[in-house]
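Per the numbering used here, the very first residue in the sequence shown carries number 1; after that it's consecutive.
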Amino acid sequence: MKLDPFYLIVDSAAWIERLVPLGVKLVQLRIKDQDEAGLRAEIRKAKVLCARHRCQLIVNDHWRLAIEECCDFVHLGQEDLQAADLPRIRVAGIRLGLSTHDHAELETALAARPDYIALGPIYPTILKQMKWSPQGLERIGEWKRRVAPIALVAIGGLNPGRIEGVFGAGADSAAVVTDITLNADPEARTREWIERTERWR
Numbered sequence: 001m002k003l004d005p006f007y008l009i010v011d012s013a014a015w016i017e018r019l020v021p022l023g024v025k026l027v028q029l030r031i032k033d034q035d036e037a038g039l040r041a042e043i044r045k046a047k048v049l050c051a052r053h054r055c056q057l058i059v060n061d062h063w064r065l066a067i068e069e070c071c072d073f074v075h076l077g078q079e080d081l082q083a084a085d086l087p088r089i090r091v092a093g094i095r096l097g098l099s100t101h102d103h104a105e106l107e108t109a110l111a112a113r114p115d116y117i118a119l120g121p122i123y124p125t126i127l128k129q130m131k132w133s134p135q136g137l138e139r140i141g142e143w144k145r146r147v148a149p150i151a152l153v154a155i156g157g158l159n160p161g162r163i164e165g166v167f168g169a170g171a172d173s174a175a176v177v178t179d180i181t182l183n184a185d186p187e188a189r190t191r192e193w194i195e196r197t198e199r200w201r
């Protein structure tokens, strides 16, 4: 499966409404603290927006809602993977992405036969506290050799200046959160990411 090289991650449908029309083709909706009704409403709005702009939507964590709302993709962390009903996700036809941070997690992820695997953090990140050290570009190459032909997503501390190194090391897609959402001009930064990743499409 081929992923768009620019993988945007945001925490609301409002961000999707703001940035996806600029040309984003792959976005993850990552909402951590909201009740089920609120989550469902956000997913439904995000689905409509993504369909309108031919953008692939990935729902983070909430696999039950992803099934109920007929989403195409769900992304799970290692803890969520342990609690998820993988056969039910597969029967629903939902594609699966999994996070990995070390060799043990990679083995667990490969056993689940995902559609893509994410590796991070590649560089230091301010998104959340991490117990793992930055992985670096060499680890991308190692992971790609292990997971191929599964798509590999690099995440953590990425910015436009690091794009070339990430793809040169073997990543298929580069995921970004704070470099855009905390930027003084998120729209301009999004356009820059789209332009800088165009050669890998």
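Even glycine gets a Cβ: it sits at the ideal position worked out from N, Cα and C. Please read these numbers as outputs of a predicted model, since none were measured by experiment.
{"Asked": "If we count Cβ pairs, one from each stretch, closer than 8 Å, do we get three or more for the region 143 to 152 versus the region 165 to 176?", "Found": "yes"}
{"Asked": "Reducing DSSP to helix, strand and coil, say where His103 ends up.", "Found": "helix"}
{"Asked": "Jot down the residue ranges of each uninterrupted beta strand (DSSP E) in the region 58 to 114, minimum 3 residues, whole runs only, in chain order.", "Found": "73 to 76 and 95 to 100"}
{"Asked": "Where does Asp179 land, buried or exposed, given buried means 16+ other C-beta within 10 angstroms?", "Found": "buried"}
{"Asked": "So, using beta-carbon positions, are Val20 and Leu49 closer together than 7 Å?", "Found": "yes"}
{"Asked": "Report the option in Ala46, Ile89, Ala148 and Ala66 whose CA atom is closest to the CA atom of Leu106.", "Found": "Ala148"}
{"Asked": "What number of angstroms, rounded off, separates the C-alpha of Asp115 from the C-alpha of Asp185?", "Found": "33 Å"}
{"Asked": "Measure from the alpha carbon of His75 to the alpha carbon of each residue in Gly161, Glu17 and Ala109, then state which is nearest.", "Found": "Ala109"}
{"Asked": "Note down, in chain order, each residue of its chain lying with its Cβ closer than 6 Å to the Cβ of Gln56, except the 5 sequence neighbours on either side.", "Found": "Leu26"}
{"Asked": "Whole angstroms are fine: how far does the CA of Trp200 sit from the CA of His204?", "Found": "This structure does not reach residue 204, given that the chain is present from 1 up to 201, and the question cannot be answered."}
{"Asked": "How far does the alpha helix (DSSP H) with Ala188 in it extend, from its first residue to its last?", "Found": "Pro186 to Thr197"}
{"Asked": "Could you tell me the distance, in whole angstroms, from the CA atom of Gln18 to the CA atom of Glu187?", "Found": "The displayed chain sequence assigns Arg, not Gln, to residue 18. Rounded to the nearest angstrom, the two C-alpha atoms are 8 Å apart."}
{"Asked": "By the DSSP assignment, the alpha helix (DSSP H) with Ile150 in it spans what residues?", "Found": "First-last for Ile150: undefined, no H or E at that position."}
{"Asked": "Anyone know if the C-beta pair for Phe6 and Trp193 falls short of 7 Å?", "Found": "yes"}
{"Asked": "Exposed or buried, Pro121, counting other C-beta atoms within 10 Å across all chains shown (16 or more means buried)?", "Found": "buried"}
{"Asked": "Considering only DSSP beta bridges, list what Tyr123 is partnered with.", "Found": "Answer by DSSP bridge pairing: none, since Tyr123 is not bridged."}
{"Asked": "Measuring alpha carbon to alpha carbon, tell me which of Asp11, Thr181 and His53 ends up nearest Leu39.", "Found": "Asp11"}
{"Asked": "Output the distance between the C-alpha atoms of Arg139 and Leu8, rounded to the nearest integer angstrom.", "Found": "22 Å"}
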